[in-house]
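Asks:
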Ligand SMILES: Cc1ncc(COP(=O)(O)O)c(C=O)c1O
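Numbering (the numbering used here), first residue to last: 416 to 867.
Below, the structure written as structure tokens:
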């Protein structure tokens with residue numbers, strides 16, 4: 416490296432070439448301002464140029480803040496913006512078995528550092544939770560991450576080069592873009608639905624082909640089942656269609672497919688059949704799973720998650736594990752030990768596990784009632800939205816989502832506008848408020864007007 420200008424260590428023998436390139440004097444702030452009079456960024460700021468002008472807050476949190484402020488001022492507000500499951504009185508729903516498991520962990524164990532990759536028992540438990548019904552367990556490795564978000568981050572930085580674009584549906588969870596941008600990647604999308612309102616397999620395949628040509632690899636993120644923001648869950652034919660695409664292209668370039676299963680446990684009965692397709696997929700593409708305890712154990716704040724990778728070749732699996740361990744060390748060192756110990760116990764102790772499953776079933780039931788009420792009300796107004804059978808959210812199409820959302824806000828109903836649709840968090844909407852919500856939606860869509 417000597418002479419290349421790259422100098423990382425505290426050695427006294429810094430290369431001369433490097434030393435020669437150093438400016439004799441750093442310009443003063445005033446000189447920098449004069450040097451860059453037409454620039455849009457502030458040359459006197461200590462912030463580097465690329466991070467100046469970042470938005471102040473996540474738009475969903477801003478909407479939530481406005482809804483709360485108006486409710487505090489005495490207005491009747493229906494706030495369907497936030498992605499956490501609350502009861503009909505607006506209280507966050509938790510699983511008592513999780514709180515009990517947390518309280519049983521000895522303080523001395525919780526306070527100690529966790530292993531960098533995560534405690535072995537936690538990793539095995541998570542792999543079994545995700546893949547236990549398949550033959551893939553011996554081929555899987557995993558790393559603990561800060562929630563599903565951390566798993567997405569590691570997938571992007573480990574399986575996609577700087578400058579390349581990940582591939583996902585055109586409706587997607589906005590942090591995919593933030594993580595990609597923050598790590599100097601980008602996002603490319605395909606139109607999620609075809610003319611029949613089904614997963615647009617052809618559109619997906621077209622971008623795979625063009626990305627293979629352009630960047631020599633593909634890293635796709637599919638948030639399934641119970642997609643955020645649309646609520647969509649693939650059916651058997653769509654899963655088979657994905658498998659055929661992976662078979663056609665998986666051998667011409669490295670293709671990584673990250674299944675973001677943040678909401679998987681909240682699917683309608685039958686939504687978990689997708690897991691049976693993973694064995695076939697894993698023969699053609701690099702299968703990754705972003706596992707999260709945030710929704711499945713109602714522990715949003717505990718930041719417990721894992722990235723699971725399937726590799727049939729022992730050497731490749733070891734390389735992936737090393738790369739993930741390095742990524743953990745270089746990002747957060749290690750994750751929340753208390754949370755991982757508690758979740759290991761919940762996943763491996765049959766009594767605790769049964770209690771958590773039973774408590775979760777009650778939450779799924781509550782959500783199911785809201786889904787049913789929504790579908791009934793939406794049919795009355797002939798709302799246009801994708802097949803919706805379960806999950807935290809549904810998205811309703813509108814010719815002008817911003818206008819629709821503004822109209823709804825005037826009526827005290829808060830939803831999240833997306834390009835071409837409104838995201839409704841039924842997870843946070845009491846069943847009794849669903850008629851009001853749907854009526855406001857229908858009025859907002861009518862007010863937005865249909866240009867066609
Ligand atoms: C689609 C999707 N993926 C992943 C996550 C990650 O959640 P967490 O980092 O809390 O596990 C979320 C959270 O809202 C999400 O909506």
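Ideal Cβ positions, reconstructed from N, Cα and C, are used throughout, including at glycine.
1. Is DSSP giving residue 574 helix, strand or coil here?
2. Closest to residue 685 by C-alpha separation, out of 804, 626, 840, would be which residue?
3. With a 10 Å radius around its C-beta and 16 neighbouring C-beta atoms as the bar for buried, classify residue 878 as buried or exposed.
4. Please go through the same chain and pick out, in chain order, the residues whose beta-carbon is closer than 7 Å to the beta-carbon of residue 560, but skip the five residues on each side of it.
5. Are there 16 or more other CB atoms within 10 angstroms of the CB of residue 724, so buried, or fewer, so exposed?
6. Confirm, please, whether the CB-CB distance from residue 467 to residue 356 is below 8 Å.
7. Output the boundary residues of the alpha helix (DSSP H) element that contains residue 777.
8. By the DSSP assignment, the beta strand (DSSP E) with residue 839 in it spans what residues?
9. Who does residue 581 pair with in a DSSP beta bridge?
10. Keeping to the same chain, check which residues put their C-beta closer than 7 Å to that of residue 572; ignore five residues upstream and five downstream.
11. Grab the span of the alpha helix (DSSP H) containing residue 607 for me, first residue to last.
12. Taking the C-alpha atoms as reference points, what is the distance between residue 790 and residue 730?
13. Nearest-angstrom Cα distance between residue 860 and residue 837?
14. Any idea what DSSP makes of residue 418, helix, strand or coil?
15. Around ligand 1, what residues have a beta-carbon under 6 Å from a heavy atom of it, in chain order?
16. Say whether chain B places a C-beta atom closer than 8 Å to the C-beta of residue 813.
17. Count Cβ pairs between the segment 633-642 and the segment 666-680 that sit closer than 8 Å; are there 3 or more?
18. Please state whether DSSP places residue 832 in a helix, a strand or coil.
19. If distances are taken between C-alpha atoms only, which option among 840, 487, 608, 727 comes closest to residue 496?
20. What did DSSP end up calling residue 808 once you bin it into helix, strand or coil?
21. At what residue ranges does the segment 607-636 contain a whole run of the alpha helix (DSSP H), taking only runs of 4 or more?
22. Under the three-state reduction of DSSP, which class applies to residue 857: helix, strand or coil?
23. Below 8 Å between beta carbons: does that hold for residue 580 and residue 603?
24. Of the residues 758, 532, 728, which one's Cα is nearest the Cα of residue 554?
25. Out of 848, 593, 807, 813, point me to the one whose CA is closest to residue 709's CA.
26. From the DSSP output, read off the bridge partner residues of residue 455.
27. Run through the DSSP bridge pairs and tell me what residue 555 is partnered with.
28. Look up residue 541 in the DSSP assignment and say whether it is helix, strand or coil.
29. Near residue 767, which residues of its chain fall below 7 Å by C-beta distance, leaving aside the five closest residues on each side in sequence?
30. Given a threshold of 16 other Cβ atoms within 10 Å of its Cβ, counted over all protein chains shown, does residue 441 qualify as buried or as exposed?
31. Restricting to Cα atoms, I'd like to know which of 857, 621, 763, 740 is closest to residue 544.
32. Do residue 551 and residue 842 come within 8 Å of each other at the CB atom, strictly closer than that value?
33. Look up residue 707 in the DSSP assignment and give the residues it is bridged to.
34. In its own chain, which residues sit with a C-beta less than 8 Å from the C-beta of residue 851, not counting the 5 before and 5 after it?
35. So what's residue 638 in DSSP terms, helix, strand or just coil?
36. If you compare alpha carbons, which of 618, 613, 518, 537 is closest to residue 605?
Replies: If we stick to the structure as given:
1. Three-state result, residue 574: helix.
2. Checked all of 804, 626, 840; the closest Cα to residue 685 is 804.
3. The requested residue 878 does not occur in the structure, where the chain is confined to residues 416 to 867.
4. Result list for residue 560: 566, 569, 720, 721, 722, 750, in chain order.
5. By the neighbour-count rule (16 or more Cβ atoms within 10 Å), residue 724 is buried.
6. The question about residue 356 has no answer here: the residues shown for the chain are numbered 416 through 867.
7. Where residue 777 is concerned, the enclosing alpha helix (DSSP H) starts and stops at 765-795.
8. 836-840 is the span of the beta strand (DSSP E), which, as asked, contains residue 839.
9. Residue pairing by DSSP puts residue 581 in a beta bridge opposite 602.
10. Contacts found: 598, 742.
11. Segment: none, residue 607 is in no alpha helix (DSSP H) and carries neither H nor E.
12. The straight-line gap from Cα to Cα measures roughly 49 Å.
13. Rounded to the nearest whole angstrom, the C-alpha separation of residue 860 and residue 837 is 10 Å.
14. With a pLDDT of only 33 at residue 418, under the threshold of 50, the placement of this residue in the model should not be trusted; the figure read from the coordinates follows. Looking at residue 418 - three-state DSSP - the assignment turns out to be coil, as it is neither helix nor strand.
15. Going down the chain, each residue whose beta-carbon is closer than 6 Å to a heavy atom of ligand 1 shows up: 498, 562, 563, 564, 588, 638, 643, 675, 677, 707, 709, 715, 720.
16. As a matter of chain content, chain B is missing from the structure shown, which is built from one protein chain.
17. Taking 8 Å as the limit for Cβ pairs, the verdict is that the segment 666-680 does touch the segment 633-642.
18. In the three-state reduction of the DSSP assignment, residue 832 falls in the strand class.
19. Each of 840, 487, 608, 727 was checked against the Cα of residue 496, and the nearest Cα belongs to 840.
20. When secondary structure is reduced to three states using DSSP, residue 808 falls in the strand class.
21. Qualifying alpha helix (DSSP H) stretches, in chain order: 616-630.
22. DSSP places residue 857 in helix when its eight states are reduced to three.
23. Going by C-beta atoms, residue 580 is nearer than 8 Å to residue 603.
24. Nearest C-alpha to residue 554: 728.
25. Check the Cα spacing between residue 709 and each of 848, 593, 807, 813: the tightest is with 807.
26. According to DSSP, which records beta bridges pairwise, residue 455 is partnered with nothing at all.
27. Beta-bridge pairing links residue 555 to 725.
28. Helix.
29. If we look at residue 767 and ignore the five residues flanking it on each side, its Cβ neighbours are 512, 516, 760, 761.
30. Answer is exposed; the Cβ neighbour count stays below 16.
31. Nearest of 857, 621, 763, 740 to residue 544, Cα basis: 763.
32. For residue 842 and residue 551, no; Cβs fall outside 8 Å.
33. 720.
34. 493, 828.
35. Strand at residue 638.
36. For residue 605, the nearest C-alpha among the options comes from 618.
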